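Here's the structure, in structure tokens; my notes come after.
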Amino acid sequence: VYARLTGWGQQGPFAPMAGHDIDYIALSGALSTIGRRGERPVPPVNLLGDFAGGGMLCAFGIVLALFERCRSGKGQIIDSAMVDGAANLATFLYGFRAAGLWSCEHGTNLLDTGAPFYDTYETADGKYMAVGAIEPQFYAELLRGLDLDPDVMPHQMDREAWPETRKVFAERFRSRTRDEWCAVFDGTDACVAPVLDLDEAPKHPHNVARSTFVGGPKDAPLPAPAPRLSRTPGRAACDAPLPGQHSREIFSELGLSEEEIEEGIKTGAIG
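Going by my numbering, 229 is the number at position 225 of the sequence shown; the sequence numbering is gapless.
Spelled out as structure tokens, the structure:
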């Protein structure tokens, strides 16, 4: 089983061209969906193309090929392109678009900050809370936590009223600190959570309880292996290897002699 992970794929006009995550998700259509109304699209760092649509789906393709080999006894080649992967991750958006449920104008839809009940809000201390109260029962909990009268507020799905509702929510969230809002919504079904940075997330009680992060190099916290398997759980046994650290072992397993490996290293054919 051979996997070829590239940005543009093995064929097509862009195949020989250089590119990066932002280019691949741009061509997939996914990048166009991210951003506030009237503003330019915003790249979600390089999570969508390099990692989710690239490495993760490539690994999934390898697993699929290995599983199929158990039945057929045959190997195959996996053409894993980040542009394909990003498009695949956006399948539901293309489905919504085909059904007339999604606008190509980003920042106007249910899940792209168009709706006031699916957005982030600044708190009194300059931090942020994330709100995802989509379902009516969760929205009711949100209004209760914000001390807003549902009989006075516009209907949740009144799109014409969304801008005004957003202003009301923003004003309320600015009235307290993030920790104070965490206390308000703790234990509720309002679908509200604090926006934590990379230093804060490993220290949150929920993540600590689940051991979501483990000690990495110099005891710096790193995400633990996921998902979790009940019988054969993954474990972070060591730091990430250096480039070429295991080249000798790998090429030895592939049948190369020590002399061939040495020659490959000298010529630069083996890193």
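Just so you know, even glycine gets a beta-carbon here, dropped at the ideal spot from N, CA and C.
Computed from a predicted model, the values in this text were never measured in an experiment.
CA-CA distance, P47 and R40? 12 Å
Do V199 and G79 have their C-beta atoms closer together than 8 Å? no
Classification of Q15 by the beta-carbon crowding that lies within 10 angstroms, buried from 16 upward: exposed
For V87, write down the residues that DSSP places opposite it in a beta bridge. According to DSSP, which records beta bridges pairwise, V87 is partnered with nothing at all.
Going by other Cβ atoms of all chains shown within 10 Å of its Cβ, with 16 needed for buried, is L105 buried or exposed? exposed
Under 7 Å Cβ to Cβ from Y143, same chain only, skipping five residues before and after it: list those, please. F121, A137 and Q160
Taking only three categories from DSSP, how would you classify I138? coil
Environment of A356 [buried if 16+ CB atoms lie within 10 Å]: What is shown of the chain runs 5 to 275, which leaves residue 356 out entirely.
Any beta strand (DSSP E) of 3 or more consecutive residues that is wholly inside the stretch 22-87: 81-85
At the level of alpha carbons, what is the spacing between S36 and L260? 47 Å
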